[in-house]
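For the sequence shown, position 148 (counting from the first letter as 1) is numbered 148 according to the UniProt record's numbering, and the numbering increases by one without interruption.
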Amino acid sequence: MALVPNLRVILDGDAARVYRQGEHVKGRVILVLEEEEQIKTLKVNFVGSCATKTTRPFYMSGNDADACQSRREYEERLNLFNVEQVLVLGSTLPSRKYTWDFDFTFPILTKPQCSRWTYGSKYLKDPHPLPPSFHICTTTPHGHAMVSYRVQAKLVRGGSNCAKRVTQMITYHPSPPNASIEPKVTSRVLYAQTWKPIKDTRTAVDRVITKVSRRYSTPTTFPQIVPTLHYVEKIAPGQKIPLLLSLANARDAFGMRKNDQPQCVLDSLVVTITTHTTSMCGQPFTQPEDIVVKQVTCISKQDINQPLSFSIPTKLTTNFRLVDDAECVPSFKTYTITRQYSMSVVVGIKFQDQKFTIRSTTQLEILPRVPREMSMRGRGGEQTEEGDVDPLPLYRERDMDMIMELAPDYETLYSLTPTSSVSPSYDLTLRDEGRDGFVSGTSTPESEIEQPVFRLIRTLDDRDTLEVG
């Protein structure tokens, strides 16, 4: 029985490393032959692909119907790129261990693949930046969508058409755009949601009198509120998502009553982020497209009772961040898979006893996560996620002629003969200062303090020893 060759693919560095655009993928292919083998081809490929699979109900009339085969499978795999390196071609190799090095580079764009008519307008047909590594199971049975990158070695031996394949998966993440670290806030005036708290109940005579006298009346007491939502369209994981709300009184368009505006109150806030994932298999005429929608409620607050100003925008959130987890995949479109997001904001406001709800849904583009080193450079080392940090003082060299309290020398502390201390700071004698002194209490008179007696003793080895008696 012929021994099967041992084929392996080993990547240099950390196997869990996340690669980015333009980075090199280095490693080696190892082939161990136990006996002499004729090799047709040995190749190593650097491949990026998007694969989709789904199923649809399948019915047949007559006796050919098969109850077990009730669904038809659709599957498609397209290469984003494919770089091939031939290691061995038509050679006979003796038994030993062989090693070949490889060095691939992630391309900037994908290769051209298909036409827009074939896959629909929502999918891309032209070369575009590489999408991130991605995998999701759709709601249909056995359905999934996956973007993967891998290094694969393929061995075909002589006398056999069967190929031996070994694959090493690679994780890829797009590089963040060369833009500001802080997200850009966009304003959207919601004219269609203008709110009039009460209906004008004046009679025709009152309207005529008001117009002639040009006096403020009911319309000035009850405003006509035009909301404006301030939000972001692009955000990266870990960044704060600012949300602000400003109100304008259409009946005071020139801001003449800045100090006499009616009071509105923020009552509730609900923020949700929705994920939209689509995947296509085959022709659009057969409609083999899966759509997966997931919704996550990020903020839900009731009975806030926060005053709203008509002059400046009010912050709806303070530390609202995008969590960096497996679900937080950057937005992308490729040949057969798309991943998009939207953010919905529902704000409840009150005016006296009346309530009104403001609703807004906007597209949210999630950018690639910013590397930690780039994030620290953007902050300039002045801030961290915990808040402001006081910098350390600059080093300043001290002058040697400055008055400093020096430590006592060894001879003074451990001398066997009693010596008087020059510095008053080493005088540990407790003195009685009397009633008006700084220290009061009972102390031992100096005459009663027993002084030590020192005697010189000569030992048998003619060494002098000082004994304290």
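All C-beta atoms, glycine included, are put in the ideal place defined by N, C-alpha and C.
query	result
Span of the beta strand (DSSP E) around residue 195	No beta strand (DSSP E) contains residue 195, which DSSP labels as neither H nor E.
Separation of residue 280 from residue 348, as counted between CA atoms	39 Å
Runs of beta strand (DSSP E) wholly within the stretch 65-142 (minimum 3 residues, chain order)	71-93, 97-105 and 134-137
Residues of its chain near residue 3, where Cβ-Cβ distance is below 7 Å and the 5 sequence neighbours each way are ignored	34 and 35
Helix, strand or coil at residue 325 according to DSSP, with G and I counted as helix	coil
Residue 364 beta carbon less than 8 Å from that of residue 233	yes
Residue 300 versus residue 235: straight-line alpha-carbon distance, rounded	21 Å
Beta-carbon proximity list for residue 307, same chain, < 7 Å, skipping 5 on both sides	263 and 265
Secondary structure, beta strand (DSSP E): runs of 3+ residues fully inside the stretch 13-50	24-32
Whole-Å CB distance - residue 225 paired with residue 249, under 8 Å assumed	7 Å
Burial state of residue 227 (16 or more Cβ within 10 Å)	buried
Coil, strand or helix - residue 252 by DSSP	helix
Contained beta strand (DSSP E) runs [length at least 3] in the stretch 145-175, N- to C-terminal order	163-172
Segment contact, 8 Å Cβ cut-off, at least three pairs: the stretch 123-133 with the stretch 324-339	yes
Paired residues, beta bridge with residue 348 - DSSP	268 and 357
Separation of residue 51 from residue 170, as counted between CA atoms	16 Å
6 Å Cβ shell around residue 156 - same chain, five flanking residues per side excluded	40, 41 and 163
Euclidean distance between Cα positions of residue 480 and residue 20	Any answer about residue 480 is impossible in this case: the structure gives the chain only from 1 up to 469.
Residues near residue 352 by beta carbon distance below 8 Å, same chain, minus five either side	197
Neighbourhood of residue 341 by C-beta, 8 Å cutoff - its chain only, sequence neighbours within 5 removed	273, 274, 275, 276, 331, 363, 364, 365 and 366
Residues bridged to residue 273 [DSSP beta-bridge criterion]	296 and 343
Inter-stretch contact at 8 Å, needing at least 3 Cβ pairs: the stretch 52-59 / the stretch 131-147	yes
Cβ neighbours of residue 291 in the same chain (closer than 6 Å, five flanking residues each side left out)	278
For residue 188, the three-state DSSP class (helix, strand or coil)	strand
Exposure of residue 325, with buried meaning 16 or more beta-carbon neighbours within 10 Å	exposed
Backbone secondary structure at residue 332 - three-state DSSP	strand
Closest residue to residue 288 among 24, 344 and 140 (Cα-Cα distance)	140
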